[in-house]
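Numbering (the working numbering), first residue to last: 92 to 346.
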């Protein structure tokens with residue numbers, strides 16, 4: 092589906108980024124993983140059959156230079172996917188949350204998404220084609236105890252729709268995926284960083300089961316599910332899809 096395509100996956104060392112990269116390579120794409128930690132990037136790239144570059148996706152000069160470098164090495168950028176963590180902090184009532192914990196996912200998330208999407212759009216517009224993808228939880232309508240996640244999602248939702256309107260006439264598609272949690276990407280370390288109390292794998296299994304119970308299908312999306320959807324959206328088979336968010340929450344909410 093992606094034969095001869097060139098893709099950049101920001102946040103490529105994470106479990107979801109690595110899963111998307113592997114699916115893209117299997118679909119025929121040449122993939123560049125971008126992230127801040129070389130050890131994990133190297134491992135993810137080796138497992139996926141991809142290339143990698145160490146990069147802070149919030150640094151606009153570095154992102155622009157990297158996009159130029161990818162075009163120099165591969166000739167073009169056909170797909171740009173941003174899966175960079177935003178520093179979300181949850182589980183605390185808003186009345187007790189600090190300004191920093193609330194605003195961090197909003198400012199970091201929208202900055203990173205804007206910088207990478209802009210770099211891709213500039214180059215895709217020049218070549219007359221391309222696909223820019225994003226992902227968030229889909230909680231922009233508001234979810235209790237989710238901290239700044241809803242606000243961050245809302246900002247990114249708006250960015251994707253606006254950018255799609257501006258670059259659509261030159262052949263570039265822009266869309267996103269709502270997941271409301273990808274359960275096999277959850278780890279004790281990730282959940283603790285997001286504000287959960289210290290927990291072991293058994294406690295994480297409990298959270299996975301709870302998330303499953305909230306879905307219409309009683310099964311949460313998995314990394315492989317999202318990677319397959321991201322492959323379809325990046326392909327020519329999805330040529331009519333842009334300016335929207337695909338609800339891949341397995342029915343956690345209707346849209």
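In this text, a Cβ means the ideal position worked out from N, Cα and C, and glycines have one as well.
- DSSP places residue 107 outside any beta strand (DSSP E); the residue lies instead in the alpha helix (DSSP H), whose first and last residues are 106-117.
- If you draw a straight line from the Cα of residue 204 to the Cα of residue 320, it is about 20 Å long.
- Remark: C-beta atoms of residue 327 and residue 92 approach each other more closely than 9 Å.
- Secondary structure remark: continuous alpha helix (DSSP H) runs of at least 4 residues inside the region 273-341, in chain order: 279-284, 292-304, 314-325.
- By the 16-neighbour rule on beta-carbons within 10 angstroms, residue 157 is buried.
- Where residue 130 is concerned, there is no enclosing beta strand (DSSP E), although the alpha helix (DSSP H) around it starts and stops at 129-139.
- CA-CA distance, residue 120 to residue 259, rounds to 23 Å.
- Just measuring C-alpha positions, the residue of 253, 232, 261, 325 sitting nearest residue 346 is 232.
- In the DSSP annotation of this structure, residue 268 is not part of any alpha helix (DSSP H); the continuous beta strand (DSSP E) holding it starts and ends at 263-269.
- In terms of Cβ geometry, residue 102 and residue 314 do not form a close pair [threshold 9 Å].
- In the DSSP assignment, residue 120 falls outside any beta strand (DSSP E) and carries neither an H nor an E.
- For a cut-off of 8 Å, the C-beta gap from residue 266 to residue 317 is around 14 Å, too long to register as a contact.
- When secondary structure is reduced to three states using DSSP, residue 172 falls in the strand class.
- For residue 231, the secondary structure class from DSSP, reduced to helix, strand or coil, is coil.
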